[in-house]
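> Got a structure for you, questions after.
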Amino acid sequence: MKLVTAVIKPHKWEDVREALETFGVNGMTVSEVSGYGRQKGHTEVYRGAEYDIALVPKIRIEVVVDDADADDVVGIVVKAAQTGRIGDGKVWVSPVDTVVRVRTGEVDGAAL
Amino acid sequence: MDGYYAWMIVATALVLMMTTPALALFYGGMSRSKSVLNMMMMSYVALGVVGIVYVLWGWSMSFGPSDVGGVFANPFSLFGLEGVAGGSYIAVCFQMTFAVITAALISGAIADRVKLSAWVVFLPLWVTLSYFPLGHMVWGGGFISQHLGAQDYAGGTVVHINAGVAGGVLALIIGKRVGFGKEPMKPHNLTLTMVGAGLLWFGWYGFNVGSIVLAGGGEKADTRQFMTETGVTFLNTTIATCAAMLAWLAVERVLHGKATSLGAASGIVAGLVAITPSCGAVDTLGAIVIGAVAGALCAWAVGLKYKMGLDDSLDVVGVHLVGGIVGTVLIGFLSTSSAPGGIDGLFYGGGLGPLGDQVGAAGIAIAWSAVCTTVIGLAIRHTIGWRVSDEAEVEGIDSDQHGEAAYDLGTGLGRGLPSSGVLAATQGRAPVTEGAPA
Numbered sequence: 001m002k003l004v005t006a007v008i009k010p011h012k013w014e015d016v017r018e019a020l021e022t023f024g025v026n027g028m029t030v031s032e033v034s035g036y037g038r039q040k041g042h043t044e045v046y047r048g049a050e051y052d053i054a055l056v057p058k059i060r061i062e063v064v065v066d067d068a069d070a071d072d073v074v075g076i077v078v079k080a081a082q083t084g085r086i087g088d089g090k091v092w093v094s095p096v097d098t099v100v101r102v103r104t105g106e107v108d109g110a111a112l
Numbered sequence: 001m002d003g004y005y006a007w008m009i010v011a012t013a014l015v016l017m018m019t020t021p022a023l024a025l026f027y028g029g030m031s032r033s034k035s036v037l038n039m040m041m042m043s044y045v046a047l048g049v050v051g052i053v054y055v056l057w058g059w060s061m062s063f064g065p066s067d068v069g070g071v072f073a074n075p076f077s078l079f080g081l082e083g084v085a086g087g088s089y090i091a092v093c094f095q096m097t098f099a100v101i102t103a104a105l106i107s108g109a110i111a112d113r114v115k116l117s118a119w120v121v122f123l124p125l126w127v128t129l130s131y132f133p134l135g136h137m138v139w140g141g142g143f144i145s146q147h148l149g150a151q152d153y154a155g156g157t158v159v160h161i162n163a164g165v166a167g168g169v170l171a172l173i174i175g176k177r178v179g180f181g182k183e184p185m186k187p188h189n190l191t192l193t194m195v196g197a198g199l200l201w202f203g204w205y206g207f208n209v210g211s212i213v214l215a216g217g218g219e220k221a222d223t224r225q226f227m228t229e230t231g232v233t234f235l236n237t238t239i240a241t242c243a244a245m246l247a248w249l250a251v252e253r254v255l256h257g258k259a260t261s262l263g264a265a266s267g268i269v270a271g272l273v274a275i276t277p278s279c280g281a282v283d284t285l286g287a288i289v290i291g292a293v294a295g296a297l298c299a300w301a302v303g304l305k306y307k308m309g310l311d312d313s314l315d316v317v318g319v320h321l322v323g324g325i326v327g328t329v330l331i332g333f334l335s336t337s338s339a340p341g342g343i344d345g346l347f348y349g350g351g352l353g354p355l356g357d358q359v360g361a362a363g364i365a366i367a368w369s370a371v372c373t374t375v376i377g378l379a380i381r382h383t384i385g386w387r388v389s390d391e392a393e394v395e396g397i398d399s400d401q402h403g404e405a406a407y408d409l410g411t412g413l414g415r416g417l418p419s420s421g422v423l424a425a426t427q428g429r430a431p432v433t434e435g436a437p438a
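The listed protein sequences derive, respectively, from chains Z and A. Position one of the first sequence corresponds to residue 1 (the UniProt record's numbering), numbered consecutively onward. Position one of the second sequence corresponds to residue 1 (the UniProt record's numbering), numbered consecutively onward.
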């Protein structure tokens, strides 16, 4: 199993969720996060005083999927979240040893 | 003239609203979240202290019958309003609200770092030495009104130049906030500031249009004259402010790429400040010009504090001193005899005389306020001291000076834990029965 983590622009969240549901992903964990990449945040101006705001709001999506689905899920997220402009985000994949469904005690593939 | 008194009561209440809550909201929103209550308290406490001082000797010093060298009137001639009667009570209330907001305006320059006790000591000293004498010089038959033909309809010199200079001088004497120029000190709640600016504009009609009492066009005027004068000052107050807001936004758009809400709020105040002395002296086009010049110049001026290293926290100098000078000096160019309180200025064939009078009045106000505020500011610095400790300043002056926090957004964890609050309250309560004599 793999954990697919995506950090995307907030306005792309609905598109990504729809694409993942269409593909058959049953659940995901979503959080509002902030961070920055190469674009280094943005600037705010208060009465002429410029403040560099380093952190930009983003949405982080975490999905655990079967090994075979990992590449497809990454592709779906990238396609749905892409605007082509700076700050579109990142997707990465990490290995997952074990998954247990708390309600039933089911393990791994059956727990997804 | 019954309508005159009815209007003056309304106008007085409007000006009172300018300090509490309008200025408190305007300044409070621009402060950091850890010091918003202290900022608001400086306005509320100004109302408390100056209100009392005004009826004891403020009215007497400003408008009392015994002039002392053209500078002030005998503080004891009408002490405690002894001898005041009839319609004068409304004039006292109206003038009291002016003294209150002028003092409260200064607090914006020294936000986040001043002990409440120092502010409470400063207030009566400053209004006594700086505000009441200037009020007498300009409005009460003193030096400026006797020797200069300067026009100041509602307080460009007495209120705005006076408060602006005082704010700048105090910011110098008290020093910068810890971290000024290094740490971000963003406004914490611009919605409060926007509400405050809107309420200031609303209340300013009492300030400017109510100042018909000072212009002598009220009680004794016939109805037509009263309507003309109140109408023109109302109109000029409105359109100058519209122009100033747009000018500030335009400057921001050009210099920084975006027109901001804080710019709109600031432009509103800059326009209101500049039209204050001139609202009775100029025609419609003159008011638009004064507003536009004030909006643009103040937008530029607020950036200077970073270049000068002066921590005038909320730009009292950039908005009130600069705006007050713009409004006072432009009268010399734009004043016209077609306005109810105006004489012809430079652009209307009046020559350099009126301009000289306006510059002279502004100069006297600047010098008077600077000297008085320096003396008081240094005296407090070398006695009780102005500042809270650096630690208190960094952790939050609200907690240090008032034992309060403005916002409790707790989730039930940490300081929001209900039991900790109950526990503290129980421990703080004195035992009622134990140990009491039977």
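C-beta: ideal position from N, C-alpha, C; glycine also. This one's a predicted model, so the numbers in the text were calculated from it and none came from an experiment.
Cβ atoms of Tyr-306 of chain A and Ala-49 of chain Z: under 8 angstroms apart, would you say?
By one-based count along the first sequence, residue 49 of chain Z stands at place 49. By one-based count along the second sequence, residue 306 of chain A stands at place 306. Contact flag set, yes.
> Against chain A, which members of the region 48 to 65 of chain Z pass a CB distance test of less than 9 angstroms?
Cβ contacts with chain A come from Gly-48, Ala-49, Glu-50, Tyr-51, Asp-52, Ile-53.
> Just to confirm before moving on: does the CB-CB distance between Gly-277 of chain A and Gln-401 of chain A stay below 8 angstroms?
Sequence index remark: in the second sequence, residue 277 of chain A carries index 277 (1-based). Sequence index remark: in the second sequence, residue 401 of chain A carries index 401 (1-based). In the sequence on display, residue 277 of chain A carries Pro and not Gly. Taking 8 angstroms as the Cβ cut-off, Pro-277 of chain A and Gln-401 of chain A do not qualify as a contacting pair.
> What residues in its chain sit with their C-beta under 7 angstroms from that of Tyr-36 of chain Z, if we drop five residues either side in the sequence?
Here the question's residue 36 of chain Z lines up with position 36 in the first sequence. If we look at Tyr-36 of chain Z and ignore the five residues flanking it on each side, its Cβ neighbours are Ala-54, Leu-55, Val-56.
> Please determine, among Z:Glu-21, Z:Val-91, Z:Val-65, Z:Val-33, the residue with the shortest C-alpha to C-alpha distance to Lys-58 of chain Z.
For the purposes of this step, residue 58 of chain Z is taken as residue 58 along the first sequence, with counting starting at 1. Closest by alpha carbon: Z:Val-33.
> Taking Cβ positions only, does residue 121 of chain Z come closer than 8 angstroms to chain A?
Because chain Z in this structure spans residues 1 to 112, residue 121 of chain Z falls outside the shown range and cannot be described.
> Give the secondary structure of Ile-8 of chain Z by DSSP, where H, G and I count as helix, E and B as strand, and everything else as coil.
The sequence position of residue 8 of chain Z within the first sequence is 8, counting from 1. Looking at Ile-8 of chain Z - three-state DSSP - the assignment turns out to be strand.
> What's the gap between the Cα of Arg-113 of chain A and the Cα of Glu-393 of chain A?
As a first step, residue 113 of chain A must be located in the second sequence, where it is residue number 113. As a first step, residue 393 of chain A must be located in the second sequence, where it is residue number 393. Going by the C-alpha atoms only, they are around 6 angstroms apart.
> Give the secondary structure of Ala-259 of chain A by DSSP, where H, G and I count as helix, E and B as strand, and everything else as coil.
Position 259 of the second sequence holds residue 259 of chain A. The answer is coil: DSSP assigns Ala-259 of chain A none of H, G, I, E or B.
> With a cut-off of 8 angstroms, does the C-beta of Ser-278 of chain A fall near any C-beta of chain Z?
Indexing the second sequence from 1 puts residue 278 of chain A at position 278. Cβ-Cβ to chain Z under 8 angstroms: no for Ser-278 of chain A.
> Less than 8 angstroms between the C-beta atoms of Ala-365 of chain A and Leu-172 of chain A, yes or no?
Within the second sequence, the letter at position 365 stands for residue 365 of chain A. Within the second sequence, the letter at position 172 stands for residue 172 of chain A. The answer is no: Cβ separation not under 8 angstroms.
> Can you give me the Cβ contacts of Ala-294 of chain A inside the same chain, cut-off strictly under 6 angstroms, excluding the 5 residues immediately before and after it?
Stepping through the second sequence from its first residue, residue 294 of chain A is reached at position 294. Closer than 6 angstroms at the Cβ level, and outside the excluded window around Ala-294 of chain A, lie Ala-244, Ala-270, Gly-271, Ala-274, Gly-323, Val-326.
> Secondary structure at Arg-17 of chain Z, three-state DSSP: helix, strand or coil?
Sequence index remark: in the first sequence, residue 17 of chain Z carries index 17 (1-based). Arg-17 of chain Z: helix per DSSP, three-state reduction.
> Can you check DSSP and say which residues form a bridge with His-160 of chain A?
On the second sequence, residue 160 of chain A is found 160 positions in, with the first residue counted as 1. DSSP output for His-160 of chain A lists no bridge partner at all.
> List the residues that DSSP assigns as beta-bridge partners of Gly-35 of chain Z.
By 1-based counting over the first sequence, the position of residue 35 of chain Z is 35. DSSP output for Gly-35 of chain Z lists Z:Val-56 as bridge partner(s).
> On a CA-only basis, which of A:Gly-267, A:Gly-257, A:Ala-296 is nearest Met-194 of chain A? Give me that one, please.
Within the second sequence, the letter at position 194 stands for residue 194 of chain A. Here the closest residue by C-alpha is A:Gly-267.
> Could you list which residues in chain Z have their beta carbon closer than 8 angstroms to that of Gly-266 of chain A, in chain order?
Residue 266 of chain A sits at position 266 when you count from the first residue of the second sequence. With the sequence shown as reference, residue 266 of chain A is identified as Ser, and Gly is not the correct amino acid for it. The answer, in chain order, is Arg-47.
> Express the C-alpha separation of Gly-179 of chain A and Lys-115 of chain A in angstroms, rounding to a whole number.
On the second sequence, position 115 is the one that residue 115 of chain A refers to. On the second sequence, position 179 is the one that residue 179 of chain A refers to. So the alpha carbons of these two residues sit roughly 18 angstroms apart.
> Can you tell me whether DSSP reads Thr-12 of chain A as helix, strand or coil?
In the second sequence, the residue the question calls residue 12 of chain A occupies position 12. DSSP places Thr-12 of chain A in helix when its eight states are reduced to three.
> Between Gly-286 of chain A and the rest of its own chain, which residues show a CB-CB distance below 7 angstroms, the 5 nearest in sequence each way excluded?
The residue labelled residue 286 of chain A in the question sits at position 286 within the second sequence. Same-chain partners within the cutoff: Leu-334, Thr-336.
> Looking at the structure shown, is residue 458 of chain A part of a helix, part of a strand, or coil, going by DSSP?
This structure gives no information on residue 458 of chain A, because the portion of chain A shown stretches from 1 to 438.
> Whose CA, out of A:Thr-238, A:Val-10, A:Asn-236, A:Ala-259, lies closest to the CA of Ala-247 of chain A?
Residue 247 of chain A sits at position 247 when you count from the first residue of the second sequence. Of the listed residues, the one whose Cα sits closest to Ala-247 of chain A is A:Ala-259.
> Answer yes or no: do Ala-109 of chain A and Val-316 of chain A have a C-beta to C-beta separation smaller than 8 angstroms?
Counting from 1 along the second sequence, the entry for residue 109 of chain A is found at position 109. Counting from 1 along the second sequence, the entry for residue 316 of chain A is found at position 316. For Ala-109 of chain A and Val-316 of chain A, yes; Cβs fall inside 8 angstroms.
> Under the assumption that Val-169 of chain A contacts Thr-373 of chain A (Cβ atoms under 8 angstroms), give the Cβ distance between them as a whole number of angstroms.
The sequence position of residue 169 of chain A within the second sequence is 169, counting from 1. The sequence position of residue 373 of chain A within the second sequence is 373, counting from 1. Val-169 of chain A to Thr-373 of chain A, Cβ: 4 angstroms. Contact.
> Looking at Phe-207 of chain A and the ligand ZN, is the gap between the Cβ and the nearest heavy atom below 7 angstroms?
Annotation note on the ligand ZN: not contained in the displayed structure, which lists no ligands.
> Quick one, which residues of the region 175 to 187 of chain A are near chain Z if we go by CB-CB under 7 angstroms, in chain order?
Within the region 175 to 187 of chain A, the qualifying residues are Pro-184, Lys-186, Pro-187.
> Between Ala-111 of chain Z and the rest of its own chain, which residues show a CB-CB distance below 7 angstroms, the 5 nearest in sequence each way excluded?
Within the first sequence, numbered from 1, the residue matching residue 111 of chain Z stands at position 111. These residues qualify, in order along the chain: Val-99, Val-100, Arg-101.
> Considering just the uninterrupted stretch of the beta strand (DSSP E) at Ser-94 of chain Z, what are its terminal residues?
Here residue 94 of chain Z corresponds to residue number 94 of the first sequence, with the count starting at 1. It spans 89 to 95 - the beta strand (DSSP E) in which Ser-94 of chain Z sits, taken as one unbroken run.
> Cα-Cα, which of Z:Val-16, Z:Glu-106, Z:Glu-62 is closest to Asp-88 of chain Z?
Residue numbering aside, residue 88 of chain Z sits at position 88 when the first sequence is read from its first letter. Nearest option by C-alpha distance: Z:Val-16.
> Would Ala-2 of chain Z be called buried (16 or more neighbouring beta carbons within 10 Å of its own) or exposed?
Translated into the one-based positions of the first sequence, residue 2 of chain Z becomes position 2. In the sequence as presented, Ala is not what sits at residue 2 of chain Z; that position holds Lys. Burial call: buried.
> Alpha carbon to alpha carbon, how far is Ala-406 of chain A from Leu-417 of chain A? Give it in angstroms, no decimals.
In the second sequence, the residue the question calls residue 417 of chain A occupies position 417. In the second sequence, the residue the question calls residue 406 of chain A occupies position 406. Since pLDDT at Leu-417 of chain A reaches only 43, below the 50 mark, its modelled position is unreliable, and no value is offered.
> Does the Cβ-Cβ distance between Thr-19 of chain A and Gly-206 of chain A come in under 8 angstroms?
Along the second sequence, read from residue 1 onward, the residue named residue 19 of chain A stands at position 19. Along the second sequence, read from residue 1 onward, the residue named residue 206 of chain A stands at position 206. Cβ atoms of Thr-19 of chain A and Gly-206 of chain A: not closer than 8 angstroms.
> Assuming Pro-187 of chain A and Leu-262 of chain A form a contact by the criterion Cβ under 8 angstroms, report the distance between their Cβ atoms to the nearest whole angstrom.
On the second sequence, residue 187 of chain A is found 187 positions in, with the first residue counted as 1. On the second sequence, residue 262 of chain A is found 262 positions in, with the first residue counted as 1. Correct: roughly 6 angstroms between the Cβ atoms.
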